[in-house]
Amino acid sequence: MKRFLILGVILAGTATLFFGCERSAKRVGPKGPPNPEADRLAQPKSLQQVGAPAELTREAIPPDNPQTPEKISLGQKFFFERRLSADGTVSCSTCHNPDLAFTDRKPTSVGIKGRIGQRNAPTILNAMYNKTQFWDGRAQTLEEQAGFPIVNPSEMGNPSLDTAVAQIASVEEYQQAFQRVFGRLPNGPDLLRAIASYERTQLSFDSPFDHFIAGDTNAIDASAKRGWELFNTQARCNKCHALTETRRDVTLFTDNDFHNIGIGIIRHNVVALAGQAEKVINSTDAAAIDRAAIQHDMSVLGRFLITKQEKDTASFKTPDIRNVLVTGPYFHDGSQETLWDVIDHYNKGDGLHNPWLDEDMQPLALTEPDIDDLVAFLASLTSATYKEQGTAELARQRALSRTNRPQRDTARAFGPKPVPPEPPK
Ligand code: HEC
Ligand code: HEC
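Numbering (this note's numbering), first residue to last: 127 to 551.
This is the structure we're talking about:
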C-alpha cells in the first residue's frame with residue numbers, strides 16, 4: 127500500500143512539472159474583485175483527458191522552454207495582465223476569455239480605445255498543436271505569436287515589447303518571479319516564454335466524440351455518427367480537416383495547410399489589394415504584415431501577405447474544429463453566425479467570381495437532414511468543460527437556423543461544379 131502511495135506522489139509530481147497544478151494556479155492573481163483568472167476554466171488542464179494525444183503534447187513543448195509550475199503560473203498572470211497594454215485596459219484574456227472558450231465571441235476583435243480589428247479571435251485551446259499560428263500562419267511558435275498583439279496598435283497598442291516590459295518591471299512580485307523562474311530581470315523574450323508555457327497547459331479533449339472513439343458507442347447519437355461518416359465521405363470535409371486523406375483524423379482535424387474557400391472575397395477588390403500589398407508590404411517586415419492583417423482591408427489577402435504568391439491569394443489556415451460549437455462566429459472574419467451557415471457555404475461549393483478557390487471546394491448535394499447530421503457531429507467535439515455552454519449554444523443556433531439561412535443556395539448545392547474564372551491578368 128505504502129509503495130503505491132509513494133508512486134502516486136511521484137506521478138503527481140511529474141504531471142505538475144508539465145502542466146502546473148490547480149493549487150499553485152489558484153494562488154495567482156491580484157486580490158480584489160473577482161476576475162476571470164480565478165475562474166476554474168482558466169486553470170491549467172489535466173493531461174488525463176480522453177482523446178488527448180500524449181505524444182503530440184510532449185512534442186509541443188519546445189526544448190528551450192520547458193514547462194515548470196512557476197513559469198506556468200507566471201504566464202497565467204501575464205495572460206490576464208491588463209498592464210501589458212498601452213492604456214492598461216486590455217489583456218490577452220480580453221479577446222481570449224476562458225469563460226468563452228478562450229475567444230471573445232465577436233465577429234472581429236476589439237482592442238484598446240475600442241479599435242475594431244479585421245479578424246476573428248481563434249481559441250487558444252489546443253493552439254499548442256498548431257504547426258503555425260494566426261489565420262495566415264505568420265508566426266511559427268506560441269512564443270513568437272505572443273509578441274504581436276502586445277505591439278499591434280489595434281490590440282494592446284504598445285510602441286514596443288520593451289515598453290510593455292517596463293510597465294510590469296516595477297512590480298516587485300514580478301521582479302521576484304522573473305528571478306525565480308528565469309534567473310534574470312524582467313525582459314521581453316522571457317515574458318513571451320512564460321505566456322506560451324501557460325498556453326501549453328490549455329489542451330482540450332474529453333468530448334463526447336472522444337468517448338465514442340475510445341469505445342463508448344453510446345457517447346454520441348445516431349445523427350452525430352451519420353455526420354462523422356458524411357464528414358469523411360460526401361461532405362469532403364476530410365480533404366482539409368484531416369492530417370491525411372486516407373486515414374481518418376480523430377485528433378486535431380486539420381491538414382495544417384492553407385486554402386482559399388471563398389470567405390470574404392466577394393466584399394473586396396482582391397486584385398487591387400494584392401497590388402497594394404506588393405507595393406507597401408515588405409515580406410520580411412513581420413510587424414508590417416501584422417498591422418495589415420489586423421488593421422487593413424489587405425487582411426482579406428490571407429497567406430498572400432506572407433508569401434506574395436498568387437496561389438495563396440485569400441487563403442487561410444485550416445483551423446482545428448474542436449470546440450467549434452462554442453467558439454463562433456465563424457471563419458477568419460467571423461462572418462458566419464451558425465454552423466448551419468458554415469455548412470450551407472460548403473454545400474454550394476462557393477466558387478462565384480473566385481479564380482483562387484481551392485479545387486476541393488465543390489457542390490456537395492447535402493440534404494437538410496445531412497446538414498443537421500454534420501452539425502450534430504461538430505457539436506460532439508465540445509469538451510466536457512464547455513458542455514452546458516454547448517447545449518445552450520446549439521439550441522440558439524438551431525432556432526436561428528430555422529428562420530435565417532443567408533448562405534443557403536439549394537440550386538447551386540445540387541448543381542454541377544462551376545468552371546472557375548481565369549485569374550485576372
Ligand atoms: C484585441 C484582441 C486580442 C488580444 C488583446 C489578443 N489577441 Fe490573440 N488573437 C486575436 C485575433 C483577432 C487573432 C487572429 C489574428 C490573425 O490571425 O491575424 C488572434 C490570434 C491568436 C493566436 C493564434 C491562434 C491560432 O489558432 O492561430 C494565439 C495563440 C493568440 N492570439 C494568443 C494571444 C496572446 C498570448 C495574447 C496576449 C499577449 C493575445 N492573443 C492578445 C485577438 C487578440
Ligand atoms: C478546401 C479545404 C476545406 C474543406 C473541403 C473544408 N474546410 Fe472547413 N475550413 C477550411 C479553411 C481554410 C477554413 C478557414 C477559412 C477562413 O476563415 O477563411 C475552414 C473553416 C471551417 C470552420 C470554421 C472554424 C472557425 O473556427 O471559425 C468550420 C466549422 C469548418 N471549416 C468545418 C468544415 C466542414 C464541416 C467541412 C465539410 C462540409 C469543411 N470544413 C470542409 C478548409 C476546408
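Cβ atoms here follow ideal geometry from the backbone N, Cα and C, with glycine treated the same way.
Just so we're clear, the structure is a prediction, and the values are computed from it rather than from any experiment.
Status (buried if at least 16 other CB within 10 Å, exposed otherwise) for residue i
i: L311; result: exposed
i: R104; result: The requested residue 104 is not part of the displayed model; the chain covers only 127 to 551.
i: S211; result: buried
i: P547; result: exposed
i: A292; result: exposed
i: D342; result: exposed
i: G240; result: exposed
i: T439; result: buried
i: D190; result: exposed
i: K405; result: exposed
i: R417; result: buried
i: V176; result: buried
i: L517; result: One detail in the question is off: residue 517 reads as Thr in this sequence, not Leu. By the 10 Å Cβ count, T517 comes out exposed.
i: I554; result: Because the chain spans 127 through 551 in this model, residue 554 falls outside it and cannot be assessed.
i: Q271; result: buried
i: K197; result: buried
Option nearest residue i by Cα separation, candidates the options
i: P192; options: T215, L251 and E325; result: E325
i: P279; options: S527, N386, D535 and A413; result: A413
i: T327; options: D486, Q360 and L173; result: L173
i: L83; options: A510, P532, T536 and R534; result: Shown here, the chain extends from 127 to 551; a query on residue 83 therefore has no answer.
i: V501; options: D347, A539, F338 and K434; result: D347
i: R393; options: N480, K197, W466 and L526; result: N480
i: T377; options: K171, A168 and P179; result: P179
i: D165; options: T183, L182 and L226; result: L226
i: D316; options: S333, S296, L287 and E298; result: L287
i: P224; options: Q169, I238, E181 and T258; result: Q169
i: A537; options: D496, R352, V452 and L492; result: L492
i: S349; options: D496, N408 and A340; result: D496
i: A253; options: L465, T444 and T529; result: T444
i: E181; options: Y255, A403 and K434; result: Y255
i: L455; options: E494, E519, I420 and T410; result: As written in the sequence, residue 455 is Pro, which differs from the Leu given in the question. Comparing Cα-Cα distances from P455 to each of E494, E519, I420 and T410, the minimum goes to E519.
i: R209; options: N284, P334 and A403; result: N284
i: K513; options: S333, W482 and N246; result: S333
i: E579; options: A525, G401 and C366; result: Here the chain covers residues 127 to 551 and nothing more, so residue 579 does not appear.
i: T215; options: L251, T229 and I276; result: I276
i: I250; options: Q421, P550, S219 and E494; result: S219
i: T289; options: V307, F304, G314 and A398; result: G314
i: I246; options: V396, D230 and K257; result: The question names Ile, yet the displayed sequence has Asn at residue 246. Ranking the options by Cα distance to N246, first place goes to D230.
i: P544; options: P195, P550, L483 and Q533; result: L483
i: N530; options: W466, V307 and I420; result: W466
i: E185; options: H222, K257 and K171; result: K257
i: S199; options: I238, F274 and V307; result: V307
i: D498; options: F274, S527 and Q533; result: S527
i: P542; options: P489, K197 and T194; result: P489
i: M487; options: R429, R362, Q533 and Q515; result: R362
i: N452; options: P195, F228 and T183; result: Checking the displayed sequence, the identity of residue 452 turns out to be Val instead of Asn. The candidate whose alpha carbon is nearest that of V452 is F228.
i: Q244; options: I420, V297 and F540; result: I420
Any C-beta of chain B under 8 angstroms from that of residue i
i: R306; result: Among the protein chains of the structure shown there is no chain B, as only one such chain exists.
Is the stretch 320-330 close to the stretch 193-204, with three or more CB pairs under 8 angstroms?
-> yes
Which ranges would you report for the alpha helix (DSSP H) in the stretch 171-214 if only whole runs of at least 4 residues count?
-> 180-185 and 195-205
What are the uninterrupted segments assigned as alpha helix (DSSP H) that are 4 or more residues long and contained completely in the stretch 228-259, given in chain order?
-> none
Is the stretch 274-289 touching the stretch 452-464, taking contact as three or more C-beta pairs under 8 angstroms?
-> no
Examine the Cβ distances between the stretch 442-458 and the stretch 495-512 and report whether three or more of them are shorter than 8 angstroms.
-> yes
Give a yes or no on contact between the stretch 250-263 and the stretch 423-442, applying the rule of three or more CB pairs nearer than 8 angstroms.
-> yes
Every unbroken alpha helix (DSSP H) within the stretch 388-414, with a cutoff of 4 residues, ordered by chain = 396-406
So does the stretch 382-391 actually touch the stretch 470-485, counting three or more Cβ pairs closer than 8 angstroms?
-> yes
When the Cβ atoms of the stretch 226-244 are set against those of the stretch 350-367, are three or more pairs found closer than 8 angstroms?
-> no
Are at least three pairs of beta-carbons, each pair with one atom in the stretch 373-384 and one in the stretch 466-473, less than 8 angstroms apart?
-> no
At 4 residues or longer, and completely inside the stretch 411-482: list those alpha helix (DSSP H) runs for me, N to C.
-> 412-421, 430-433 and 465-473
Could you tell me which uninterrupted alpha helix (DSSP H) segments, each at least 4 residues in length, are contained entirely in the stretch 281-315, listed from first to last along the chain?
-> 287-295 and 298-308
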